[in-house]
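**Student:**
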Amino acid sequence: MTSADAVAVAASPEAIAARLAASRYLADDSLATAIFLAIRLGKPLLLEGAPGVGKTEAAKAVAELLGRELVRLQCYEGIDAGHALYEWNYQRQLLAIRHAGEHEIDIYDDRFLIARPLLQVLRAPEQRVLLVDEIDRSDHEFEALLLEFLSDFQISIPERGTIRAAAQPIVILTSNRTRELAEALRRRCVYHWIGYPDAQREAEIIMLRSGHVAEATARAVANAVQEIRARPLAKPPGIAEAVEWANAATILEKGGSPWPEAFRRAIGVLIKDEEDFSAIAPELGRIVEEALG
Amino acid sequence: MMRGESLPRAAAPFLGFARLLRRHAFAIAPEQATSFMQAVTLLGPRSMNDIREAALATLAPSPDRRGEFDAHFRGYFYGDAKPLIEGEEDDETRVKDDRGAREEENQVTRQEKGGELSSALEQLSARDFQRDSDGLGSFRRRLACALPARRSFRTARTRSRGTLDLRRSLSEIVSADGDIPAPQLRRRQTVPRKLLLLIDVSGSMKQHTADYLKLAHAAVQGADRAEVFTFGTRLTRITSALRIRGREQALARAAGLVDDWDGGTRMGPTLLAFLSVPRFSAFARGACVVILSDGLERGDHSDLETAMRRFSARAFRLSLASPLAGDPRFRPATAALGAILPMLDDLVDGSSVGSLTDFILSLARPAPAASVIWKRVS
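Chains A and B supply the protein sequences, listed in that same order.
Throughout, our numbering is defined as the position within the first sequence, counted from one, plus 291.
Throughout, our numbering is defined as the position within the second sequence, counted from one, plus 93.
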C-alpha cells in the first residue's frame, strides 16, 4: 500500500470508523474524524485521555486499517536522541580506527549508525505508522527534539546532514496528561481527547473484544463500571479492565458461581488498588445488583 | 498572514473564529488556522458538526477549556448569547467533587472547639490582596538550592567519578588525530524535587490565606517545579496565575480563580478528588508535599485518613503546617489529627511566614517523624 492508497482508504470519517470496527476498535465520530484529518492533512495525531481509554489501541488499529507496520517508541523520563533517533556505535568506531592504521576511514559511515525508531521510520522504503507512546512522561527537552521530526518528517544528524522521510509516516502520539505538553508540539498535531465511553458503547466494546460474553453481562459490566468510575478512586478502571472483568465473571459463572457472586469474586481484575478496593467493597453488592437489575 | 480583504468570502468566518479565540487567550498559531480551513474543506462540510469537529481537531483547545471553547463556538457560529467566561477554567476535578453542593441545604455552620470555624457549607466569595513588604525575596532566591534533590536519569559531564562518555571521548580522539587524551566522563545529574503546596482557604484559615498565597507566589517564582492548589469546598489549581512575575498581579489573578474563599472545609473529599486526577496526583509523586491547613476536619475523618495515606505513599515527604501549632499548648489531640499523625513526616508551625519559610528551606535536612516528635512533646 502506498501513501496514495492510505489516502484512498481514508475516504471519509465513516469509512475509517467502519474499517476500525472491522479491526475490532469502535471509534466514535470525533475520533474517526480526527484520524481522517490526520491522514489527509499529513499531520501527526495527538491523542490525550485518562489511562485505559484505548489510546494505544487506537494507534494499533490505525496501523491495521492501513496495513502498515507499527513502530513503537515508548517514552520515559530521561529519554534522549540516543534512544529515539540514532546513536553511533562507538565501540565499533574505535575498533575500526585501530584496524585502519594509517588508512583513511569514514567513522560516520552507515555501518556505525544504529537507527532508533524515528530514524527507522524515516529510512523505511514503505510508509509506516509510528506510535510515540506516553509523550507526557518524557522531558521538555525531548519534546523540543521531536519538533523538527513532527513538522517536516526529517531529522538532522550533524555528521551526516538532514535525512528526510522516504515515505511520509503516519505519526500518533499519546499522552495521559500527567503534565501539560508544549504549545509548539500541540499546534503541529491534529488533536483529539478520548474520554471514557458511555455505558452503551462500552457494552459494545466488551462484546466486540470478548466473543463469549453474553450481551446482558456486557451491559451489566458497563453499567457497574460507569458507577465505579464516578467515585474518586486512585486508579479508575479503564476499558481493558472492564473487558477483563466481564471475561472473568463469565468464566466463574460457567464454573458454577451464581451471577452477583461471580462479579464480586472477579473484582480483582477490575480494581487493582487495595485502598480503592476497600472503598468500593461495602457498596459492590448494591452496585452489581443494580447493574444486573 | 493574509489580509481579510484578499480572502475568499467563504473562508472569512473560519479565520474570524480563530481570531476570536486568540482574543480570548487561546494560543492559535497561523498554521492551525490554515489547517482548520483545510479540515473544513476535507469534511465537506456537510453540517455544523463537521465544522466543530474540524475546529476541535486542528485548533486543539485543552480539555480544561473545552467548555469555554464550545461556548465561543456557539456564540460565533450560531449567534448564541456571548459567553461570560474569563480566565482559565479549572480542571476536571469538579465532575467528581460535587458533594458540597448536595450537602449545602442540610448543613449548618458549626462553631468548633477553640473558636475555629469549620463547616462543609460553601460560602463563595471574592478577595483582594493588598501590597505589603516581607522577607520573601530571600526565600525565593534560596529555595531552588534548599529543596531535597534526587538523581535524574539525565547525565552531565563530570571530571571524576562517572561512567565513560564514549561519544565525547571518541570525538576527542578523532580531533587529537588518534592520540588518546584524558577520557571524558558523565554522571547522572541531581535535580531538585518538586514542591507541592496545598493551601486551605476555608473560613477557619481566613487570617492566614493572604500570607500563604504570598509564600506560594515566592515558591513558584523560586523553585523549578512548584505546584500550588487551594482547597476548601473545592479544589483549584492556581500555579499558572502565580507564574506571573509581579506579585500583586499574580495574587489578583489567583484570587479571581478561587471561588470558595472563607467557606467551609471538606478536606478529606477534596484531597481525594485531587488524587483521583492522574495529572494532579503525578505532581505528588516523589515531591515534597506541604499542606497548609489547621487540619480541622468536621464529622467523619475517614476520607482525610485515606487521602493522607495515599499522599504518604506517593510523596517524598509529607508535611502539615498548621497555624494552631504556633501555640505552645497545641497538641494533635483531635480525632482527625490523631488518625493522620502516623502518616505525616512533619507537623509544624504554620502561623507565620517566617516559620513556614524556615521550615520549607529545611526540607532537605532529615528529621524524626512527626509522631515521634509529638509523642516526645506530649
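Note that CB positions come from ideal geometry on N, CA and C, so glycine has one too.
Nearest-angstrom Cα distance between Asn538/A and Ala513/A?
**Tutor:** Spanning the two alpha carbons is a distance of roughly 12 Å.
**Student:** In three-state DSSP terms, what is Cys238/B?
**Tutor:** helix
**Student:** Rounding to the nearest angstrom, what Cα-Cα distance links Leu422/A and Ile461/A in this structure?
**Tutor:** Approximately 9 Å, taken between the alpha carbons.
**Student:** Are any of the Cβ atoms in chain B nearer than 8 Å to that of Arg334/A?
**Tutor:** Note on identity: in this sequence residue 334/A is Lys, with Arg being the wrong assignment. Output row for Lys334/A: interface = yes.
**Student:** Should Glu566/A and Arg402/B be called a contact, given that it needs their Cβ atoms to be closer than 8 Å?
**Tutor:** yes
**Student:** With DSSP collapsed to three states, give me the class of Glu209/B.
**Tutor:** With a pLDDT of 37 at Glu209/B, under the threshold of 50, the modelled position of that residue is not reliable, and the figure given next carries that caveat. Glu209/B: coil per DSSP, three-state reduction.
**Student:** Do the segment 343–356 of chain B and the segment 390–410 of chain B make contact, defined as three or more Cβ pairs closer than 8 Å?
**Tutor:** no
**Student:** Would you call Lys468/B buried or exposed, if buried means 16 or more other Cβ atoms sit within 10 Å of its Cβ?
**Tutor:** exposed
**Student:** Output yes if chain A places a C-beta closer than 8 Å to the C-beta of Gln131/B; else output no.
**Tutor:** Interface criterion met: the Cβ of Gln131/B is under 8 Å from a Cβ in chain A.
**Student:** Can you give me the start and stop residues for the beta strand (DSSP E) that Asp472/B sits inside?
**Tutor:** Chain B is shown only over 94 to 471; residue 472/B falls outside these bounds and no answer can be derived.
**Student:** I need the straight-line Cα distance from Gln300/B to Ile463/A, nearest angstrom please.
**Tutor:** Going by the C-alpha atoms only, they are around 50 Å apart.
**Student:** What is the rounded straight-line gap between the Cα of Ser245/B and the Cα of Thr283/B?
**Tutor:** 6 Å
**Student:** Gly369/A touches chain B at which residues, Cβ-Cβ below 8 Å?
**Tutor:** Ser245, Phe246, Arg247
**Student:** With DSSP as the reference, identify every bridge partner of Arg410/B, one or two as the case may be.
**Tutor:** In DSSP, Arg410/B forms a bridge with Cys381/B.
**Student:** Quick test of your reading: Leu308/B and Leu229/B, contact by CB under 8 Å. State the CB separation rounded to the nearest angstrom.
**Tutor:** 7 Å
**Student:** Given a cut-off of 8 Å, decide if Val420/A and Ala354/A are closer than it, judged by their beta-carbon atoms.
**Tutor:** In this structure, Ala354/A places its C-beta atom within 8 Å of the C-beta atom of Val420/A.
**Student:** In chain B, which residues lie less than 8 Å from Thr469/A when you measure between Cβ atoms?
**Tutor:** Pro371, Arg372, Ala375
**Student:** Thinking just about the alpha-carbon of each residue, which of Arg414/A, Phe403/A, Trp536/A, Lys351/A is nearest to the one in Phe444/A?
**Tutor:** A check of alpha carbon separations from Phe444/A across Arg414/A, Phe403/A, Trp536/A, Lys351/A identifies Arg414/A as the nearest.
**Student:** Straight-line CA distance for Ile396/A to Pro274/B?
**Tutor:** Looking at the two C-alpha atoms, the distance is approximately 20 Å.
**Student:** Please classify Cys381/B: is it buried, with 16 or more other beta-carbons within 10 angstroms of its beta-carbon, or exposed?
**Tutor:** buried
**Student:** Chain B partners of His483/A, CB-CB under 8 Å?
**Tutor:** For His483/A, the residues of chain B that pass the 8 Å Cβ criterion are Leu149, Ala150, in the order they occur in the chain.
**Student:** Touching or not, the segment 313–329 of chain A and the segment 147–158 of chain B, by the rule of three or more beta carbon pairs under 8 Å?
**Tutor:** Touching, yes, given that three or more Cβ pairs across the two stretches are closer than 8 Å.
**Student:** Report buried or exposed for His431/A, applying the criterion of at least 16 other Cβ atoms within 10 angstroms of its Cβ.
**Tutor:** exposed
**Student:** Assign Lys563/A to buried or exposed, taking buried as 16 or more other Cβ atoms, counted over all protein chains shown, within 10 Å of its Cβ.
**Tutor:** exposed
**Student:** Quick one: grab the DSSP three-state call for Ala509/A.
**Tutor:** helix
**Student:** By the 10 Å Cβ neighbour count, where 16 or more other Cβ atoms means buried, how is Tyr171/B classified, buried or exposed?
**Tutor:** exposed
**Student:** Using the Cβ count rule (16 or more neighbours within 10 Å means buried), how would you classify Ser569/A?
**Tutor:** exposed
**Student:** For chain A, find out if any of its Cβ atoms is closer than 8 Å to the Cβ of Arg403/B; answer yes or no.
**Tutor:** yes
**Student:** Taking 8 Å as the CB-CB cut-off, is Ser128/B touching chain A?
**Tutor:** yes
**Student:** Looking at chain A, which residues of the segment 319–330 of chain B have a Cβ within less than 9 Å of any of its Cβ atoms?
**Tutor:** none
**Student:** Compare the C-beta of Glu574/A against all C-beta atoms of chain B and say whether one is closer than 8 Å.
**Tutor:** no
**Student:** Going along chain B in order, which residues have a C-beta closer than 8 Å to the C-beta of Gln459/A?
**Tutor:** Within 8 Å of the CB of Gln459/A, no CB atom of chain B is found; the nearest one sits about 16 Å away.
**Student:** Using 8 Å as the cut-off, can you tell me whether the segment 362–379 of chain A makes contact with the segment 235–252 of chain B, which would need three or more C-beta pairs spanning the two stretches below that distance?
**Tutor:** yes
**Student:** With a cut-off of 8 Å, do at least 3 Cβ pairs link the segment 316–323 of chain B to the segment 233–242 of chain B?
**Tutor:** yes
**Student:** For Ala525/A, decide whether its Cβ has a neighbour in chain B, counting only Cβ atoms nearer than 8 Å.
**Tutor:** For Ala525/A, the nearest beta carbon of chain B is closer than 8 Å to its own beta carbon.
**Student:** Check whether the Cβ of Arg260/B lies closer than 8 Å to any Cβ atom in chain A.
**Tutor:** So, interface residue.
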